[in-house]
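Presented below is the structure to which this report refers.
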Amino acid sequence: MIRPFRLENLKRISREEIGIIKAMCELLPANEARTRIKEGVLDTIAGHIGGEVSIKLVSAERFLAEDFVSKLPEASVIGVIGMSAPSWKLLFTIDYEISSLLIDRLLGGTEKTSPSDTRRFTDVELGILQYLVMQVLKKIYDMCDTKPRLHFRFERFISEPHGVLTYAEAKGDLYVATFEVRILDNSGIFNIIIPSGSVSEFIKIQKGAGDITRERNYFKNELERFGFLNVPVWAEAGRSMINPVDLEGLEAGDIILFDESMLNLSGGILSGSVTIHFGDSEEGVTAKLEGLDKEKARFRLDVVE
40 MIRPFRLENL KRISREEIGI IKAMCELLPA NEARTRIKEG VLDTIAGHIG
90 GEVSIKLVSA ERFLAEDFVS KLPEASVIGV IGMSAPSWKL LFTIDYEISS
140 LLIDRLLGGT EKTSPSDTRR FTDVELGILQ YLVMQVLKKI YDMCDTKPRL
190 HFRFERFISE PHGVLTYAEA KGDLYVATFE VRILDNSGIF NIIIPSGSVS
240 EFIKIQKGAG DITRERNYFK NELERFGFLN VPVWAEAGRS MINPVDLEGL
290 EAGDIILFDE SMLNLSGGIL SGSVTIHFGD SEEGVTAKLE GLDKEKARFR
340 LDVVE
């Protein structure tokens, strides 16, 4: 059986989440790098480990730094990425299972699952993981057409979660994008973390560099990629209660009077309000209806809410 998709089941995304994702996207130049970045990064990783990789955004949230750090598993791999200014930092975390599998595959292993026990990685193992990180950063640089908005450079790994507070005040905010990563038969969590100070400093530079116009043009071009979407639209003019017996006896041409309606008929011209529905949606928007020509049955609808 085919059932209509219920739009109310879609995950709700807050205005703040959208703002966090937008701020992270704007770390890249306003060109196709933003739309191709996921594909490029996944292809790079898959090419080095010889296996399929997928990634999905789970959430984008703001955390108090000390609260976020307290929830990080001790065995997490935490890396620091420097940006253009010395004080700008971007951090990332990879959970132990995914890190362990990446290291094994980079060393030529054929394991498809990660070990069940956890331990701290050696400097040699972290060096192998660092190689992959630097290959990903190189790919991002190349996709920016050698004109990156910011120069990303790997700096170091942090040995324990509380090391994150070296780059953010305990009572300060962290903007965190959380991704679910799937590698072969394993899934894990990957976080991109930007301290609020780095974001605010970057925004100041943006406003003074003429980037606002470029961002506006980029957004306009992205919208034009979608073109027009055709959906059925219908207007609810009123409602009536009909019992099953009367419903079975209805025939073509029968007239039904509305029990509830916001329409008026004056001089042969309709006016009032209707509810506009898109597709099979039960919810709709209220529109003001104004009759323009009773001979040609022409109307004008203005959405009011």
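Start counting at 1 in the sequence shown, then tack on 39, and there's your number in our numbering.
The beta carbon of each residue, even a glycine, is placed where N, CA and C say it ideally should be.
Bear in mind that the values here come from a model prediction, so they are computed numbers and not experimental data.
Identify whether residue i lies in helix, strand or coil by the three-state DSSP scheme.
{"i": "residue 112", "result": "coil"}
{"i": "residue 139", "result": "helix"}
{"i": "residue 234", "result": "strand"}
{"i": "residue 296", "result": "coil"}
{"i": "residue 210", "result": "coil"}
{"i": "residue 91", "result": "coil"}
{"i": "residue 45", "result": "coil"}
{"i": "residue 161", "result": "coil"}
{"i": "residue 193", "result": "strand"}
{"i": "residue 40", "result": "A caution first: residue 40 carries a pLDDT of 48, below 50, which makes its placement in the model unreliable, though a value can still be read off. Coil, per DSSP."}
{"i": "residue 302", "result": "strand"}
{"i": "residue 281", "result": "coil"}
{"i": "residue 324", "result": "strand"}
{"i": "residue 79", "result": "helix"}
{"i": "residue 106", "result": "helix"}
{"i": "residue 149", "result": "coil"}
{"i": "residue 171", "result": "helix"}
With DSSP as the reference, please indicate the residues paired to residue i in a beta bridge.
{"i": "residue 329", "result": "310, 339"}
{"i": "residue 216", "result": "99, 231"}
{"i": "residue 54", "result": "The partner list for residue 54 (beta bridge, DSSP) is empty, contrary to what the question assumes."}
{"i": "residue 274", "result": "315"}
{"i": "residue 121", "result": "128, 192"}
{"i": "residue 269", "result": "DSSP, once it has assigned bridges, lists no residue as partnering residue 269."}
{"i": "residue 221", "result": "93, 226"}
{"i": "residue 133", "result": "116, 229"}
Determine, using beta carbons only, whether residue i and residue j come nearer to each other than 8 Å.
{"i": "residue 192", "j": "residue 86", "result": "no"}
{"i": "residue 323", "j": "residue 270", "result": "no"}
{"i": "residue 233", "j": "residue 214", "result": "yes"}
{"i": "residue 296", "j": "residue 279", "result": "yes"}
{"i": "residue 76", "j": "residue 218", "result": "no"}
{"i": "residue 178", "j": "residue 79", "result": "yes"}
{"i": "residue 108", "j": "residue 203", "result": "yes"}
{"i": "residue 115", "j": "residue 143", "result": "no"}
Considering only the alpha carbon of each residue, which of the options lies closest to residue i?
{"i": "residue 158", "options": "177, 95, 138", "result": "138"}
{"i": "residue 222", "options": "108, 74, 288, 88", "result": "88"}
{"i": "residue 302", "options": "329, 200, 135, 105", "result": "329"}
{"i": "residue 200", "options": "76, 104, 313, 82", "result": "104"}
{"i": "residue 174", "options": "81, 325, 90, 114", "result": "81"}
{"i": "residue 316", "options": "309, 310, 325", "result": "325"}
{"i": "residue 145", "options": "170, 161, 127, 134", "result": "170"}
{"i": "residue 126", "options": "312, 274, 190", "result": "190"}
{"i": "residue 83", "options": "321, 182, 283, 282", "result": "182"}
{"i": "residue 156", "options": "203, 300, 113", "result": "113"}
{"i": "residue 299", "options": "313, 225, 92", "result": "313"}
{"i": "residue 101", "options": "134, 216, 204, 285", "result": "216"}
{"i": "residue 327", "options": "208, 134, 287, 275", "result": "275"}
{"i": "residue 162", "options": "195, 306, 147", "result": "195"}
{"i": "residue 45", "options": "339, 97, 341, 321", "result": "321"}
{"i": "residue 150", "options": "225, 229, 292, 307", "result": "225"}
{"i": "residue 98", "options": "308, 220, 339, 208", "result": "220"}
{"i": "residue 96", "options": "229, 286, 176, 281", "result": "229"}
Under 8 Å by Cβ, that's how I've got residue i and residue j pegged, so tell me the actual separation to the nearest angstrom.
{"i": "residue 119", "j": "residue 206", "result": "7 Å"}
{"i": "residue 132", "j": "residue 111", "result": "6 Å"}
{"i": "residue 129", "j": "residue 57", "result": "That pair is no contact at about 19 Å."}
{"i": "residue 136", "j": "residue 211", "result": "No, residue 136 and residue 211 are not in contact; Cβ-Cβ is about 29 Å, not under 8 Å."}
{"i": "residue 168", "j": "residue 141", "result": "6 Å"}
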